[in-house]
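Enquirer: Please read through the structure below; I'll follow up with questions.
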Amino acid sequence: MATQIVLKSGERVKVNDHVYCSPSWSVRDGTPYSVARIMEFLPPEGASKGKGKGKETFTRVRLAWYYRPSDVSDRPVADSRLLLAAIYSEVCDINQLRARCHVIHRDKITDLAGWKKRPDRFYFNRLFDPYIKKEFEVIQATDVRNLPDHIRQVLTSRYEYVVAEKDVVPDLTDTLRLCGTCTEWCANPDTVQCDRCKKFFHMGCVQPPLLAKPSRGYGWTCAPCSKRHEEEVDSHEVRHPTPVIKPKSNAPPPRGRGRPRKDRSLAEKEENVNIKYFKMWPFRYFGQYTVAEDTLDPDDLIFPRAATRVGPKFQANVPSAWAPTPAPEERGDDSTVEVLSLINTLTDEEANELEEWKLALTRRQDHLCSVDWLTEAIRRFSEAHLANRGWSTVDMSLPTRQEKWKKGQTRYTDKEWSAEEIAAFEDGILMHGAELRAVREEIGTRTMFEVVRFYGHWKNSKLKEENVRIKEFGVLEKDDEPAAMEDISPSDDEGSVVRELAKTNNSCGACRIRESTTWWKAPKGLATEILCDSCGMNWRKYADLNVRPVREEVILNGKAKVSEKREGTPLNGPSAKRLKTSVASTITPPPNIPAAPQLRCLACRKSGPAGKVLKCSRCQFCVHAGSCGVVVDKNAVETWMCDLCQNEKTMEASLNTDCLLCPRKKSRKKAVLQGADSFLRASKPTEGQGWAHVLCSVFNPEINFTDVSRLRLVEGISTIPRQRWSSRCTLCGETTGAVIRCSDCVREYHTSCAWRNGHKFGFEIQPVRNHRRDTLVTTFKGETGNMMPIVHCQEHENTKHELFDICETDETGETALQVYCRTYKQAPVTQAHGLLRKARRLDQIINIPSDNLSSTPETEPRCDLCSTQYSPYFYQSRYSDHWKCHKCHWDQGIRVTGAEERSH
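Everything in the sequence shown is counted per our numbering, starting at 49 for the first residue and increasing by one.
Below, the structure written as structure tokens:
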């Protein structure tokens with residue numbers, strides 16, 4: 049008989065049963081139950097199993113976890129009974145098992161609607177791998193038919209389900225594919241299908257053998273079909289098949305899969321269906337990166353796999369042999385060993401003396417409990433001991449130390465957090481919960497490592513306060529609570545039942561009712577701190593909480609005050625302002641239940657909802673849509689890609705994405721300069737298929753756009769004056785690239801250099817008294833005048849300019865950048881087409897004196913440098929009969945001022 053364990057709820061569970069699992073309320077911090085499958089029961093750690101049946105003592109259990117879709121992505125899922133399977137297990141304490149539930153595959157459910165109406169019922173149809181962060185399809189092993197008999201028999205006899213990619217499932221469930229030449233099984237990676245006879249062939253069995261599959265969009269035909277088709281064409285007997293029209297039938301439509309069937313015996317049979325397990329797992333990966341013969345090996349890994357990382361993208365850039373490189377230190381030598389502690393080598397007298405000196409190094413008691421401070425103190429004592437110095441030479445006043453491998457001074461402990469940083473951290477927790485990357489963006493002055501460390505200390509302090517309240521509450525409960533309360537209350541082994549209600553505001557935080565047999569503790573972020581019995585069960589078991597919109601008045605300090613909400617704030621979320629609490633109050637500010645993911649724009653460093661702030665699905669670049677000229681449909685927000693990533697796929701413009709207006713540095717830092725963590729990632733293609741930063745294009749006055757609504761294509765690079773190309777940048781010192789001038793001084797710099805050095809960018813509305821007809825006047829946020837782009841240095845913080853930020857919006861929702869480009873940056877597309885506009889700009893550049901140009905040479909000129917005979921103009925030397933083409937003339941003498949001249 050299988051081993052059975054009786055839970056505290058009175059239910060009996062055994063191996064392969066599904067259960068709810070959760071630690072106590074104070075540890076899990078209000079999160080719902082986790083769903084898992086029991087793999088095996090285990091004795092206490094370090095103990096061996098009993099020899100006789102029934103004599104074993106089990107205190108631990110190994111669980112195979114299931115995930116909820118909301119745990120692994122931000123996609124909202126309306127079905128609270130849908131789960132994601134996983135090939136991931138963990139050992140937990142057996143006291144964390146709460147109750148029994150049922151989880152089966154979707155294909156084994158006949159009536160899905162009826163299944164979801166019953167309590168504690170879940171289903172799954174996909175698998176999530178927590179290591180490679182990817183979802184896979186799960187199908188029944190009996191549905192796999194495109195396999196040889198001996199492999200399919202082993203697969204179906206061991207496993208109940210097969211895990212594969214979505215694109216591979218149709219190939220696995222197809223009929224058995226045999227090669228039309230050798231009649232052997234055709235594995236998917238090395239096969240090709242004839243487009244006419246629909247037969248499969250090994251690529252090596254085709255004559256001549258195929259080296260690669262046809263490109264996407266192209267078909268392939270075998271030799272007999274190709275010859276037959278040629279004969280039909282030659283005989284003019286090609287007939288196109290007529291489409292087959294199915295006759296209409298008067299039969300009733302098939303019964304829908306979602307319609308409920310009131311068959312109790314069928315539902316109970318589906319709950320107790322037998323599932324095959326091999327080495328405690330019903331799954332096995334059999335997808336794109338699987339070798340079919342490996343299935344026969346019982347010790348083969350069953351986990352999902354990804355593509356191999358072999359290639360130039362994942363390899364190190366090894367310097368060439370001739371490059372002088374310092375000799376590396378030999379690993380394992382004494383110079384590579386860093387001594388952290390020598391306490392084990394000290395005598396008892398030296399250890400006692402060291403303990404006294406350690407207490408004398410600081411007066412703060414928290415240092416004596418700090419792991420960082422104690423580790424650094426022991427390290428410095430050990431260094432003093434190795435150098436034969438006394439304990440009195442150890443000084444802990446400096447918070448930095450000499451890092452051996454980083455070659456510099458580093459801090460051994462983080463700086464003290466200021467009150468402003470703590471407030472920003474708590475606001476981030478209030479808004480994003482435990483998503484620490486978003487919290488770090490809210491703080492802005494701390495690194496990710498510091499935020500993670502501070503979060504651990506902050507959460508421990510909150511747990512300490514909560515444990516103190518629990519102890520105090522327990523004393524009151526023992527002395528003052530009536531005995532009738534214990535009779536009606538359920539077993540509270542997890543500490544989530546509310547024993548005593550508050551005198552005021554004792555309604556359910558979700559449905560707002562005021563009467564319930566049992567009150568449960570509510571997760572943080574609701575209007576109240578309690579849930580009724582129905583809402584409490586739905587949240588703990590199904591993570592489903594239908595919050596009723598809060599439209600009532602909030603009572604604060606005895607006064608009625610209507611909660612203020614900004615436009616667009618969800619009604620079911622808490623107020624954006626934190627409640628002011630007294631010193632004695634123990635209310636912890638609840639985190640908000642995010643209605644939509646908040647993304648931080650890299651242009652203005654402000655967060656906004658998805659849709660207004662777009663995130664590239666490939667490089668994770670985040671920016672306001674209005675500051676980048678992007679118009680995206682609501683359904684395509686999650687799949688949006690920036691222009692640079694889209695160009696890698698479509699190849700409409702050059703793959704060299706260097707900005708034509710920025711300096712040409714011959715370094716290897718191009719990827720860093722255009723990384724996804726900077727607004728300089730926003731680039732637009734030029735009319736010559738090059739690229740230019742959006743920032744450089746907007747703040748250079750000579751630049752126009754063919755379409756200002758999308759900021760494409762960039763025109764007029766060649767019209768920038770020559771002196772601005774040859775001026776030296778005051779920030780980087782380069783003489784290449786087009787510079788702009790500070791609005792408050794005579795400094796000149798590149799637009800990208802100014803952005804990287806923190807210069808202020810914005811737009812100013814300058815009033816116009818008597819404007820002429822050709823003067824363009826615009827209105828933004830109630831101010832009317834001439835809109836000017838402004839850039840000023842960091843030294844001009846007290847500037848008189850009142851600037852509008854790049855992403856600042858008006859009443860219509862347009863950003864300042866959009867309004868400026870729409871008014872001043874539109875190219876005259878109605879007057880001439882793009883090629884003619886480009887030709888006119890070139891005519892202005894090539895203003896060649898007649899004495900330097902021979903319009904009618906006696907013979908056809910040839911360039912003496914590149915030997916070409918084709919050029920718009922040829923230049924003749926004054927002292928000889930030598931000729932130069934237009935390109936060589938400008939390359940030697942005057943710098944070519946744009947990408948358009950380089951294309952000649």
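Using N, Cα and C, we set each Cβ at its ideal position, and we do this for glycine too.
Any beta-carbon of chain D closer than 8 Å to the one on E700?
Expert: No chain D appears in this structure, which consists of one protein chain only.
Enquirer: Restricting to runs no shorter than 4 residues, where is the alpha helix (DSSP H) found entirely within the region 437-485?
Expert: For the region 437-485, whole alpha helix (DSSP H) runs of length 4 or above, ordered along the chain, are 467-480.
Enquirer: Please report the straight-line C-alpha distance between C936 and K246, rounded to a whole angstrom.
Expert: Cα to Cα, the separation comes out at about 58 Å.
Enquirer: Where does I635 fall in DSSP's three states?
Expert: With a pLDDT of 39 at I635, under the threshold of 50, the modelled position of this residue cannot be trusted, and the question is left open.
Enquirer: CB V210 to CB L344, shorter than 8 Å?
Expert: Not closer than 8 Å, so no.
Enquirer: Give me whichever residues DSSP pairs with I788 in a beta bridge.
Expert: Y797.
Enquirer: Short check: CB of F828 to CB of M836, under 8 Å?
Expert: No, these two residues do not count as a Cβ contact at 8 Å.
Enquirer: By alpha-carbon positions, which one of L130, R789, R885 and R332 ends up nearest to V186?
Expert: With distances taken between Cα atoms, V186 lies closest to R332.
Enquirer: On the DSSP letters alone, give me the boundaries of the alpha helix (DSSP H) that L692 sits inside.
Expert: Start and end: D691 to T698.
Enquirer: Can you list, in chain order, the residues of its chain with a C-beta nearer than 6 Å to that of Q737? Leave out the 5 residues immediately preceding and following it.
Expert: Excluding residues within five positions, the ones whose Cβ falls inside 6 Å are A701 and S702.
Enquirer: Excluding the 5 residues flanking G656 on each side, which residues of the same chain have their C-beta closer than 6 Å to its C-beta?
Expert: Within the same chain, G656 has no close Cβ partners at all.
Enquirer: So what does L259 bridge to, in DSSP terms?
Expert: Answer is none; L259 lacks a bridge partner.
Enquirer: Decide if the region 847-865 is in contact with the region 660-677; the criterion is three or more beta carbon pairs, one per stretch, under 8 Å apart.
Expert: The answer is yes - the region 660-677 touches the region 847-865, with three or more Cβ pairs under 8 Å.
Enquirer: How far does the alpha helix (DSSP H) with D219 in it reach, from first residue to last?
Expert: Taken as a continuous stretch (DSSP letters only), the alpha helix (DSSP H) holding D219 covers V217 to L220.
Enquirer: Hey, out of I477, P447, G476 and M251, whose CA is closest to K463's CA?
Expert: Cα-wise, what sits closest to K463 is P447.
Enquirer: Relative to the C-alpha of R494, which residue among S564, S509, A482 and E468 is closest?
Expert: Comparing Cα positions, the closest option is E468.
Enquirer: Once the 5 residues before and after S70 are set aside, which same chain residues still bring their CB inside 7 Å of it?
Expert: Correct list, in chain order: R76, Y81, S82, Q144, R146 and E542.
Enquirer: If you draw a straight line from the alpha carbon of A50 to that of P330, how long is it in whole angstroms?
Expert: Each residue's Cα considered, the two are about 19 Å apart.
Enquirer: Hey, could you find the ends of the alpha helix (DSSP H) N400 is sitting in?
Expert: That run of the alpha helix (DSSP H) goes D396 to A408.
Enquirer: Give every residue of the same chain whose Cβ lies closer than 8 Å to the Cβ of E534, excluding the five residues on either side of it in the sequence, and list them in chain order.
Expert: Reliability fails at E534, whose pLDDT of 34 lies under 50, so the model's placement of it is uncertain and the value that follows must be treated cautiously. Once the five neighbours on either side are set aside, E534 has no close Cβ partner at all.
Enquirer: Tell me the residue span of the alpha helix (DSSP H) that contains K164.
Expert: It spans L160 to K165 - the alpha helix (DSSP H) in which K164 sits, taken as one unbroken run.
Enquirer: May I ask you to report which of helix, strand or coil DSSP gives Q413?
Expert: Three-state result, Q413: coil.
Enquirer: Counting Cβ pairs, one atom from each stretch, are 3 or more of them under 8 Å apart for the region 747-765 and the region 775-783?
Expert: Cβ pair count under 8 Å is below three, so no.
Enquirer: I believe R110 touches S137 by the beta-carbon criterion, under 8 Å. Please report the beta-carbon distance rounded to the nearest angstrom.
Expert: Right, the Cβ-Cβ distance comes to about 6 Å (below 8 Å), so this counts as a contact.
Enquirer: Can you tell me which of the three DSSP states D347 falls into?
Expert: Correct three-state label for D347: coil.
Enquirer: Could you tell me the alpha carbon to alpha carbon distance between E232 and L226, rounded to whole angstroms?
Expert: C-alpha separation (whole angstroms): 5 Å.
Enquirer: For M585 and S544, what's the separation of their Cα atoms in angstroms?
Expert: Answer to the nearest angstrom: the Cα atoms are 11 Å apart.
Enquirer: Please state whether DSSP places W989 in a helix, a strand or coil.
Expert: Residue 989 lies beyond the range of the chain shown here (49 to 952); nothing can be said about it.
Enquirer: Mind reading off the beta-carbon distance from W421 to T458? Whole number of angstroms is fine, and I expect it under 8 Å.
Expert: Rounded, the Cβ-Cβ distance is 15 Å, inconsistent with contact.
Enquirer: Going by beta carbon distance, what residues of the same chain come within less than 7 Å of E514, once the five residues before and after it are set aside?
Expert: Around E514: S74.
Enquirer: Pull up the CB-CB distance for V4 and L434, whole angstroms please, since I reckon it's below 8 Å.
Expert: Only positions 49 to 952 of the chain appear in the structure, and residue 4 is not among them; the question remains open.
Enquirer: Whose C-alpha, out of R264, L90 and T158, is nearest the C-alpha of K317?
Expert: Minimum Cα distance to K317 is reached at T158.
Enquirer: Taking only the alpha-carbon atoms, compute the straight-line gap between F326 and D348 and give it to the nearest angstrom.
Expert: Near 12 Å, if we compare the C-alpha coordinates of D348 and F326.
Enquirer: Excluding sequence positions up to five away, which residues of its chain have a Cβ less than 6 Å from the Cβ of L721?
Expert: Note that L721 scores a pLDDT of 42, beneath 50, so its modelled location is shaky; the value from the coordinates is reported in the next line. Nothing meets the Cβ criterion.
Enquirer: Is V671 near V661, with beta carbons less than 8 Å apart?
Expert: Yes.
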